[in-house]
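Quick notes on the structure that follows.
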Amino acid sequence: MRHPYLVLALFLVLTVGGGSAVGIATAPGDWYAGLSKAWFNPPRWVFAPAWTILYILIGIAGWRVWHGGELQASRMWWLQIGLNFLWSPVFFVLHWTGAALLVMMALLGTIVGFIALTWRHDRPAAFLFMPYGAWVAYALLLNGAIWWLN
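For the sequence shown, our numbering gives the first residue as 81, with consecutive numbering after it.
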């Protein structure tokens with residue numbers, strides 16, 4: 081199990097598979113369709129390819145910090161993946177747009193924290209998280225707009 085590329089595969093299964101499973105289990109339904117949304121809300125088809133790419137980058141970054149033995153960065157990685165997987169049920173299942181906004185703020189904070197922790201010792205891992213940070217900042221605006229408009 082300590083073979084690095086086997087562990088990389090496990091990280092990718094966790095991120096891509098776990099993210100896909102959460103997405104399928106909490107798919108937007110009629111409630112979401114009926115919400116007022118911001119003018120900058122993208123079409124629904126954008127989310128699956130964007131998140132697939134991001135989950136691959138997230139998985140590789142997680143593997144890099146695990147492989148490098150960076151305990152603090154690894155802890156931050158696990159915290160962000162937990163918050164990431166928590167957001168969809170809070171938003172799409174519970175319909176708690178305000179609580180989901182708080183989860184998203186915490187998620188963005190952990191992403192920034194991960195980038196800061198890895199910047200000096202594993203810059204590629206930090207760079208892998210930058211598109212994720214940009215997307216989550218955008219998603220934070222989308223979530224905030226939905227909370228405000230509804």
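Think of the CB as a built atom: it goes at the ideal place given N, C-alpha and C, for glycine as much as any other residue.
Problem set entry | Closest residue to Phe165 among Trp125, Gly103 and Gly142 (Cα-Cα distance) | Residue Gly103 is the option with its Cα nearest to Phe165.
Exercise. Which whole runs of the alpha helix (DSSP H) in the stretch 176-224 are 4 residues long or more, in chain order?
Worked result: List check, alpha helix (DSSP H) in window: 177-198.
Problem set entry | For Leu208, the nearest candidate out of Ala128, Trp228, Gly162 and Arg144 (CA to CA) | Nearest to Leu208 by C-alpha distance, out of Ala128, Trp228, Gly162 and Arg144, is Arg144.
Exercise. Could you give the distance in angstroms between the alpha-carbon of Leu163 and the alpha-carbon of Pro84?
Worked result: For the pair Leu163 and Pro84, the Cα-to-Cα distance works out to about 26 Å.
Problem set entry | Short Cβ contact (8 Å threshold) for Leu92 with Gly149 | Cβ distance not < 8 Å, so Leu92 and Gly149 don't count as in contact.
Exercise. Exposed or buried, Met210, counting other C-beta atoms within 10 Å across all chains shown (16 or more means buried)?
Worked result: Under this definition Met210 is an exposed residue.
Exercise. Which residues mark the beginning and the end of the alpha helix (DSSP H) in which Ala128 is found?
Worked result: Secondary structure note for Ala128: its alpha helix (DSSP H) is the uninterrupted segment Phe127 to His147.
Exercise. For Leu163, which of helix, strand or coil comes out of DSSP?
Worked result: Residue state, collapsed to three classes: helix.
Exercise. Could you give the distance in angstroms between the alpha-carbon of Leu220 and the alpha-carbon of Phe120?
Worked result: Between Leu220 and Phe120, the C-alpha separation is close to 12 Å.
Exercise. Among Trp167, Leu197, Phe172 and Arg200, which one has its Cα closest to the Cα of Met185?
Worked result: Between Met185 and the set Trp167, Leu197, Phe172 and Arg200, the nearest pair of CA atoms involves Trp167.
For this session: Find the nearest neighbour of Arg200 within the set Leu187, Ser100 and Ala153, judged by alpha-carbon distance.
Result: The residue from Leu187, Ser100 and Ala153 with its alpha-carbon nearest to that of Arg200 is Ala153.
Problem set entry | Closest by C-alpha distance to Leu229, when choosing among Asp110, Gly114 and Ala206 | Nearest C-alpha to Leu229: Gly114.
Exercise. What is the residue span of the alpha helix (DSSP H) that Leu90 lies within?
Worked result: First-last of the alpha helix (DSSP H) with Leu90: Pro84 to Leu92.
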